[in-house]
Amino acid sequence: MLEWGELGSGPGQFDLVHGVAVDRDRRVYVGDRTNNRIQIFTENGDFIEEWPDISDPVGVFIDENDGVWVISARLNRILKYSSAGELQYYLGAYGGTRGGFAGGLSRPHQLDVDEEGNLYIASWDGGWMDKFVPRPDADPSKLIGRSLVLPN
Numbered sequence: 004m005l006e007w008g009e010l011g012s013g014p015g016q017f018d019l020v021h022g023v024a025v026d027r028d029r030r031v032y033v034g035d036r037t038n039n040r041i042q043i044f045t046e047n048g049d050f051i052e053e054w055p056d057i058s059d060p061v062g063v064f065i066d067e068n069d070g071v072w073v074i075s076a077r078l079n080r081i082l083k084y085s086s087a088g089e090l091q092y093y094l095g096a097y098g099g100t101r102g103g104f105a106g107g108l109s110r111p112h113q114l115d116v117d118e119e120g121n122l123y124i125a126s127w128d129g130g131w132m133d134k135f136v137p138r139p140d141a142d143p144s145k146l147i148g149r150s151l152v153l154p155n
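So for the sequence shown, this note's numbering puts the first residue at 4; every next one is plus one.
Next up, the structure:
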């Protein structure tokens, strides 16, 4: 067994780990929720880099093209980053305590994708689920799709 990190806000330190995912090159992406960042490590715990200023990252997921999907609970968004840390786009907006409107989220906390590419998002504040169904003509690069790799 291997473990790394300690309490703090410096490289390799954590305040509240709340999500983890591993890409096909075995880089480990860690959502450091209270420090508002994603930290990236080798599989042996060596610090590679951090992506700062990601508000309240509660979930991290990697797709088959190494796109990095981050759930930002505070922003009520699902953010997509390139593997180089560049924000590509996002979906969602604050929807009140009962959704309020189509696509409205309230502190999203978990997601999953079924075999048809439907995206399910669980919101923490309000107690409901959202299901997003991709349009037939949707740009595949903007879908999480069946290629999402969820942590075990």
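Backbone N, C-alpha and C fix where the C-beta goes; we use that ideal spot for every residue, glycine too.
Residues that residue i bridges to, as DSSP identifies them
i, result
"Gln-113", "Ala-125"
"Trp-1", "Because the chain here runs from 4 to 155, residue 1 falls outside it and cannot be looked at."
"Ala-24", "Tyr-32"
"Asp-133", "Ile-124"
Pairwise C-alpha distance: residue j and residue i
i, j, result
"Gly-148", "Gly-22", "With a pLDDT of only 48 at Gly-148, under the threshold of 50, the placement of this residue in the model should not be trusted; the figure read from the coordinates follows. Straight-line Cα distance between these residues: approximately 19 Å."
"Asp-26", "Ile-43", "10 Å"
"Asp-128", "Thr-45", "34 Å"
"Ser-58", "Asp-133", "21 Å"
"Gly-95", "Phe-50", "31 Å"
"Gly-93", "Gly-107", "Checking the sequence shown, residue 93 turns out to be Tyr, not Gly. Distance between the alpha carbons of Tyr-93 and Gly-107 is about 13 Å."
Residue nearest to residue i in terms of C-alpha spacing, selected from the options
i, options, result
"Asp-35", "Phe-50, Leu-19, Ala-125", "Leu-19"
"Ser-60", "Ala-87, Gln-113, Gly-98", "First, the residue type needs correcting, since residue 60 is Pro and not Ser in the sequence shown. Pro-60 has its Cα closest to that of Gln-113, out of Ala-87, Gln-113, Gly-98."
"Ser-126", "Leu-78, Ser-109, Ile-57", "Ser-109"
"Gly-48", "Gln-16, Asn-39, Val-116, Tyr-93", "Gln-16"
"Gly-99", "Trp-54, Asn-79, Tyr-92", "Asn-79"
Anticipated Cβ contact below 8 Å, residue i with residue j, distance rounded
i, j, result
"Val-71", "Gly-62", "That belief does not hold up - the Cβ atoms of Val-71 and Gly-62 are roughly 11 Å apart, past 8 Å."
"Leu-90", "Tyr-84", "6 Å"
"Asn-39", "Asp-56", "6 Å"
"Ala-76", "Pro-111", "6 Å"
Classification of residue i by the beta-carbon crowding that lies within 10 angstroms, buried from 16 upward
i, result
"Tyr-32", "buried"
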